[in-house]
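*Asks:*
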Amino acid sequence: MVNQFTINLGFYMLMPYLAQHLAGTLGLAAWTVGLILGVRNFSQQGMFFFGGTLADRFGYKPMIITGLMLRIVGFAVLGLVDSLPALLAASAATGLAGALFNPAVRAYLAHGAGERRVEAFALFNVFYQAGILLGPLFGVVLTGIGFRLTCLVAAGVFAVLSAVQVRALPARTPVARDDRSLTSVLSQWRTVVVNRPFLLFSVAMIGSYALSFQVYLALPLEVRRVAGDEQAGTVGIGVVFAVSGLVTILGQTRLTAWCRQHLGAGRSLVAGLAALGAAFLPPLAATTIAVPPQGPARWMVAVVPPLLSALLLTLGTMLAYPFEMDTIVALAQDRYVATHYGLYNTICGIGITAGNLLTGAALDAARSIGAPALPWAALAALGGGCALAVLGLHRTGRLAPAPPGPRPAPA
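Numbering that gives the first Met the number 0 applies: residue 0 is where the sequence shown begins, and numbers increase by one.
Pasting the structure below:
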């Protein structure tokens with residue numbers, strides 16, 4: 000829990016201000032900034048599967064420590080260099096670091112929590128969101144002094160965390176070392192890739208990640224567009240992020256306990272996905288409202304619909320996330336859990352990339368043809384489709400692991 004909180008604290012201390020540093024302080028072109036940020040995202044999302052594979056082969060702790068150390072180097076270099084090749088290498092290192100420790104951290108938590116995985120992942124999300132909430136607050140103060148200081152402090156945070164993890168984190172052995180049938184990497188991958196219920200669940204959940212990521216893309220763009228003022232838009236976006244984080248911190252564990260008692264895993268997942276889809280109904284409705292020319296009324300029209308949308312996105316994530324993580328472990332049947340997490344994150348990362356490209360294009364196209372409601376309607380429909388897909392998997396029993404085969408009786 001402390002590991003993930005500190006990872007997010009250091010990461011969000013720096014990353015929200017990286018684009019501004021690259022374009023402003025270093026004067027790089029917009030396409031160059033996009034390239035650097037894209038390399039970071041690709042090196043993380045594209046390498047999750049390999050990071051999970053390594054965690055299952057060599058243990059969770061070594062991959063956690065290796066990822067943390069890579070991020071120390073990456074963050075330090077981002078603050079100290081200004082040449083494009085060095086910036087690309089540092090960006091790739093920070094992404095690869097996440098690909099190494101993210102699957103290992105989740106598999107470690109699942110291994111240590113045992114039968115209380117759902118509760119553990121609910122609390123995990125609280126620590127996760129707390130890091131996201133506090134990181135930018137520290138970052139804005141440090142960046143006001145200098146972005147290089149922000150990078151070095153973030154690298155220092157990861158250095159302290161690495162030292163603590165090396166000393167205090169117990170080792171975990173993810174697989175039985177005497178099982179010779181599972182020793183090759185190809186056999187390890189084959190075990191994951193032929194897990195049809197897991198793959199069906201991963202595909203059904205792709206859209207949910209494209210939807211939840213709109214809190215970083217579509218909603219901020221909408222706030223700035225309607226507000227018509229950069230400063231007012233920035234304040235509005237800050238309010239949206241702060242409220243979302245606080246709701247998760249205050250309500251996640253209670254909501255998960257209620258869902259486990261009254262809904263169960265399958266229906267909680269469906270309810271969460273339905274909430275993700277419903278999150279885009281407020282911006283959809285706002286397209287029918289005439290925007291006031293100026294003043295507090297315009298700011299309210301700019302902020303309130305995205306705020307309601309962000310709250311519903313937060314609710315959907317709170318409903319689904321603990322059961323989503325638990326379902327992956329259940330479908331993996333405790334075999335190569337980190338590899339399953341890695342492939343799942345890679346598949347969902349494709350959904351995030353495709354969703355961002357399509358959403359951005361749809362927003363531009365909708366305004367040009369005078370149909371601003373279409374992107375929001377499409378996003379809402381995507382959430383409904385994901386909910387129906389998971390509901391189908393739940394009703395056909397594909398979200399529950401297959402019972403183990405019969406064992407031969409002793410002679």
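Don't be surprised by glycine CBs; every beta carbon is placed ideally from N, CA and C.
#1: Could you tell me the distance, in whole angstroms, from the CA atom of V389 to the CA atom of A203?
#2: Tell me whether W257 is buried or exposed, calling it buried when 16 or more other Cβ atoms sit within 10 Å of its Cβ.
#3: Could you name each continuous alpha helix (DSSP H) segment of 4 residues or more that falls completely within the segment 35 to 90, going from the start of the chain to the end?
#4: Which residue from G50, V242, L387 puts its Cα closest to that of V303?
#5: Measuring CB to CB, does A418 end up less than 9 Å from G244?
#6: Alpha helix (DSSP H) containing D333: first to last residue?
#7: Could you say which of Y127, F146, L198, N40 lies nearest to L17 if we only look at CA atoms?
#8: In chain order, what residues of the same chain have a beta carbon less than 6 Å from the beta carbon of N344, not counting five sequence neighbours either side?
#9: Assuming contact is defined by CB atoms lying nearer than 9 Å, are L108 and S42 in contact in what I supplied?
#10: To the nearest angstrom, how far is the alpha carbon of M62 from that of H339?
#11: I need the straight-line Cα distance from F197 to A285, nearest angstrom please.
#12: Kindly list the residues whose CB is nearer than 6 Å to the CB of L77, restricted to its own chain and excluding five residues on each side of it in sequence; keep chain order.
#13: Output the boundary residues of the alpha helix (DSSP H) element that contains I6.
#14: What span of residues does the alpha helix (DSSP H) with N124 cover, start to end?
#15: With DSSP collapsed to three states, give me the class of Y208.
#16: State whether the segment 137 to 144 contacts the segment 361 to 368, with contact taken as three or more CB pairs (one from each stretch) at a distance under 8 Å.
#17: Can you tell me the Cα-Cα spacing of R334 and M12, whole angstroms?
#18: On the DSSP letters alone, give me the boundaries of the alpha helix (DSSP H) that T190 sits inside.
#19: Whose C-beta lies closer than 7 Å to the C-beta of A85 among residues of the same chain, with five residues either side of it excluded?
#20: Kindly list the residues whose CB is nearer than 8 Å to the CB of I248, restricted to its own chain and excluding five residues on each side of it in sequence; keep chain order.
#21: Straight-line CA distance for Q164 to L220?
#22: Give the secondary structure of A28 by DSSP, where H, G and I count as helix, E and B as strand, and everything else as coil.
#23: Which of the three DSSP states, helix, strand or coil, is assigned to A388?
#24: Provide the residue span of the alpha helix (DSSP H) that contains V222, from first to last.
#25: Cutting at 7 Å between CB atoms, please list the residues of its own chain near V328, excluding the five before and the five after it.
#26: Check whether the Cβ atoms of A217 and I351 lie closer than 9 Å to each other.
#27: Please confirm whether G348 and G45 have their CB atoms less than 9 Å apart.
#28: Do L272 and C385 have their beta-carbon atoms positioned less than 9 Å apart in this structure?
#29: By DSSP, does I288 sit in helix, in strand, or in coil?
#30: Can you tell me where the alpha helix (DSSP H) holding V214 begins and where it ends?
*Replies:* Inspection of the coordinates gives the following:
#1: Distance between the alpha carbons of V389 and A203: 6 Å.
#2: If you draw a 10 Å sphere on the C-beta of W257, you find fewer than 16 other C-beta atoms in it, and that means exposed.
#3: Whole alpha helix (DSSP H) segments, 4+ residues: 47 to 57, 59 to 79.
#4: Out of G50, V242, L387, V242 has the C-alpha closest to the C-alpha of V303.
#5: Outside the displayed range of the chain (0 to 410) lies residue 418, so it cannot be described from this structure.
#6: D333 -> no alpha helix (DSSP H), and no H or E assigned at all.
#7: Ranking the options by Cα distance to L17, first place goes to F146.
#8: Same-chain partners within the cutoff: F47.
#9: Judged by beta-carbon spacing, S42 lies beyond the 9 Å limit of L108, meaning their Cβ atoms are not closer than that value.
#10: Approximately 15 Å, taken between the alpha carbons.
#11: Annotation: F197 to A285 spans about 38 Å, alpha carbon to alpha carbon.
#12: Cβ within range, chain order: A89, C150.
#13: Where I6 is concerned, the enclosing alpha helix (DSSP H) starts and stops at 1 to 13.
#14: Segment 116 to 144, the alpha helix (DSSP H) holding N124.
#15: Y208 sits in a helix when the DSSP states are folded into three classes.
#16: Judged by Cβ distances under 8 Å, the segment 137 to 144 makes no contact with the segment 361 to 368, as fewer than three pairs qualify.
#17: Straight through space, the alpha carbons of M12 and R334 are spaced by roughly 35 Å.
#18: 184 to 192 is the span of the alpha helix (DSSP H), which, as asked, contains T190.
#19: Same-chain partners within the cutoff: V76.
#20: Once the five neighbours on either side are set aside, the close Cβ partners of I248 are V125, Q128, A129, L132.
#21: One alpha carbon belongs to Q164, the other to L220, and they sit about 39 Å apart.
#22: DSSP places A28 in coil when its eight states are reduced to three.
#23: Note: A388 maps to helix in three-state DSSP.
#24: For V222, the uninterrupted alpha helix (DSSP H) run begins and ends at 217 to 226, by DSSP.
#25: Once the five neighbours on either side are set aside, the close Cβ partners of V328 are A109, R116, V336.
#26: A distance of 9 Å or more separates the beta carbons of A217 and I351.
#27: The answer is yes: Cβ separation under 9 Å.
#28: Yes, the pair counts as a contact, with Cβ atoms nearer than the cut-off.
#29: Three-state result, I288: coil.
#30: It is not in any alpha helix (DSSP H) - V214 carries neither H nor E in the DSSP assignment.
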